[in-house]
Amino acid sequence: MIFTVAIDGPAAAGKGTISREVAARFGFAHLDTGLIYRATGRRVLAGEAPLEAARALEPGDLAAGGLRTPEVAQAASRVAAIPEVREALVAFQRRFARREGGAVLDGRDIGTVICPEAEVKLFVTASDAVRAHRRWLEEQAAGLGTSEADVLAELQARDARDAARAAAPMRAADDALQLDTSRMSIEEAVAAAVAAISDRMDRG
Ligand code: CDP
Ligand code: CDP
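The numbering of the sequence shown is our numbering, which starts it at 177 and goes up by one.
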């Protein structure tokens with residue numbers, strides 16, 4: 177069975193959390209495409225040229241720790257605006273999306289560029305303040321000493337760059353279901369996603 181769930185949206189909206197739960201529920205493979213850009217960004221911070229960094233990516237790059245820092249997130253967003261970098265990373269993501277057995281991919285351009293034919297598309301959002309608070313809680317738990325104001329500024333800078341770039345800008349596909357999770361628990365957000373997927377499966 178080929179079945180793709182595309183989950184896009186701004187930083188810390190809950191894309192990854194919903195994707196992991198949905199993948200477990202339906203037995204689908206999950207790809208967090210943000211990790212690909214983060215791993216590329218980290219190679220660039222270490223001195224590699226962006227395109228060479230993208231071409232040199234190996235599975236181990238995505239499995240390694242240290243990708244969830246604000247510095248790496250900013251580096252990811254900068255390399256993600258370079259068209260040649262995105263082109264170098266497209267084929268792998270497309271193959272993953274249409275693999276046998278079902279796939280969930282989360283990112284910024286899954287429903288618009290990577291897999292416009294996805295069976296289900298969600299665009300997950302939450303208010304800036306809610307997203308900053310969620311990410312701040314994660315960074316506190318990870319021992320990063322950032323303030324909530326710093327987190328908010330980091331997210332807003334990234335969202336602005338991601339939405340304004342010419343190459344695969346962050347935007348909801350016309351046929352995406354919008355899910356504002358500002359006032360939703362994780363369970364409620366997951367239930368909404370599961371309902372959308374089940375509906376689509378029932379329609380065949
Ligand atoms: O993948 P993305 O950056 O969009 O967000 P995430 O890493 O899935 O979620 C950011 C944080 O918000 C995580 O710590 C979640 O537990 C939390 N959260 C959520 O995802 N959804 C809610 N409705 C409430 C909290
Ligand atoms: O977890 P969070 O939502 O904060 O970020 P992420 O999903 O790990 O993505 C990090 C950065 O990679 C984003 O700010 C985008 O610039 C870029 N990205 C992208 O351009 N296209 C994707 N499909 C996924 C991420």
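No residue lacks a Cβ here, since even glycine has one placed at the ideal position from N, Cα and C.
Note that the coordinates shown come from a computational prediction; the quantities given were computed from them, not determined experimentally.
Excluding the 5 residues flanking it on each side, Ala-349 has same chain C-beta neighbours closer than 6 angstroms at Gly-287, Thr-288 and Lys-297, in chain order. In this model, Thr-357 and Pro-259 are separated by some 31 angstroms (Cα to Cα).
Within the same chain, and ignoring the five residues on either side of Gln-250 in sequence, the residues whose Cβ sits closer than 8 angstroms to its Cβ are Gly-217, Glu-330, Ala-333 and Arg-334.
Secondary structure at Gly-210: helix, using DSSP grouped into helix, strand and coil. Going by DSSP, Thr-193 is part of the alpha helix (DSSP H) stretching over 191-202. Inclusion of Lys-191 in the 7 angstroms shell around ligand 1 follows from its C-beta lying nearer than that to a non-hydrogen atom of the ligand.
Nearest neighbour of Val-300 by Cα position, chosen from Ala-294, Ala-222 and Val-366, turns out to be Val-366.
With contact defined as three or more Cβ pairs closer than 8 angstroms, the region 205-212 and the region 262-278 are in contact. A check of alpha carbon separations from Arg-262 across Met-346, Arg-201 and Leu-243 identifies Met-346 as the nearest. Judged by their CB atoms, Leu-320 and Asp-304 are not nearer to each other than the 8 angstroms cut-off.
CA-to-CA, the gap between Leu-355 and Ala-199 works out to about 18 angstroms. Ala-182 sits in a strand when the DSSP states are folded into three classes.
At least one heavy atom of ligand 1 is found less than 7 angstroms from the C-beta of Asp-282. DSSP lists Phe-299 as the bridge partner or partners of Gln-354. A direct Cα-Cα distance of roughly 11 angstroms separates Asp-375 from Glu-295.
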